[in-house]
Amino acid sequence: MSLRPASVDDLGAIMVLERAAFGGDAWSDDVMRAELASPHTWYVVAEEDERLVGYAGLRAPEGSRDADVQTIALDETVRGRGLGREIFRALLDEAGRRGVSEVFLDVRDDNAPAQSLYTSEGFEAIGRRPNYYPGEGVDAIVMRLRLAARAREGGAA
Numbered sequence: 083m084s085l086r087p088a089s090v091d092d093l094g095a096i097m098v099l100e101r102a103a104f105g106g107d108a109w110s111d112d113v114m115r116a117e118l119a120s121p122h123t124w125y126v127v128a129e130e131d132e133r134l135v136g137y138a139g140l141r142a143p144e145g146s147r148d149a150d151v152q153t154i155a156l157d158e159t160v161r162g163r164g165l166g167r168e169i170f171r172a173l174l175d176e177a178g179r180r181g182v183s184e185v186f187l188d189v190r191d192d193n194a195p196a197q198s199l200y201t202s203e204g205f206e207a208i209g210r211r212p213n214y215y216p217g218e219g220v221d222a223i224v225m226r227l228r229l230a231a232r233a234r235e236g237g238a239a
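Quick note on numbering: the sequence shown equals residues 83 to 239 in the numbering used here.
In structure tokens form, the structure reads like this:
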């Protein structure tokens, strides 16, 4: 398993994972292409046996003190092996390199595995977005990580 920065050339493979992971909530090709091409974002992909099996993205505009985790998705065949944590830590490390002090994310209220991962990495719930996911009535939990606190506790950032 290897991680590398994503590029627009990865769009097709990323969109296969995006649609499998998010169904009707998946971003369009145009939105993802813009994300991959933006100077304000950093995306990472995971490959196994020359196949893209995961990706994640961070939005951290130059000079900003905060960043947002945009998305993270894994092929179902690699879930439960620690790859999600590895990709997630790569995002946090990049946030640290960009001089960010806080990282934010939204997570579905019904996604306990993701919430557990984020909490174990030092994120705390700071708010809620009622009915955030269209047509499903599912809230989003807003979470925040202070990178200085993560570094003090032994995180890489």
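By construction, the Cβ of each residue, glycine as well, lies at the ideal position given by its N, Cα and C atoms.
Between R141 and D131, the CB-CB gap reaches or exceeds 9 Å.
Here T159 is exposed: its Cβ has fewer than 16 other Cβ atoms, across all protein chains shown, within 10 Å. A check of alpha carbon separations from D148 across L134, G166 and L173 identifies L173 as the nearest.
In terms of Cβ geometry, E144 and P121 form a close pair [threshold 9 Å]. In this structure, M83 lies near A128, with their beta-carbon atoms less than 9 Å apart. Within its own chain, the residues whose Cβ lies closer than 7 Å to the Cβ of I208, once the five positions on either side in sequence are excluded, are V224, M225 and R226, listed in chain order. Here V90 has R115, L118 and A119 as same chain residues with Cβ atoms under 7 Å from its own Cβ, once five neighbours each way along the sequence are excluded. For R133, the closest of R190, R86 and G162 by C-alpha to C-alpha distance is R86. Going by DSSP, R115 is part of the alpha helix (DSSP H) stretching over D111 to A119.
Proximity to D191 across R210, V185, V182 and R180 peaks at R210, based on C-alpha coordinates. DSSP lists D150 and R226 as the bridge partner or partners of F186. Distance from the CA of E184 to the CA of G106, rounded to the nearest whole angstrom, comes to 30 Å. A check of alpha carbon separations from T123 across Y215, T153 and D111 identifies T153 as the nearest. Here the alpha carbons of S110 and L156 stand approximately 18 Å from one another. Annotation: the continuous beta strand (DSSP E) that includes E130 extends over T123 to E130. D188 places its beta carbon 9 Å or farther from that of A138.
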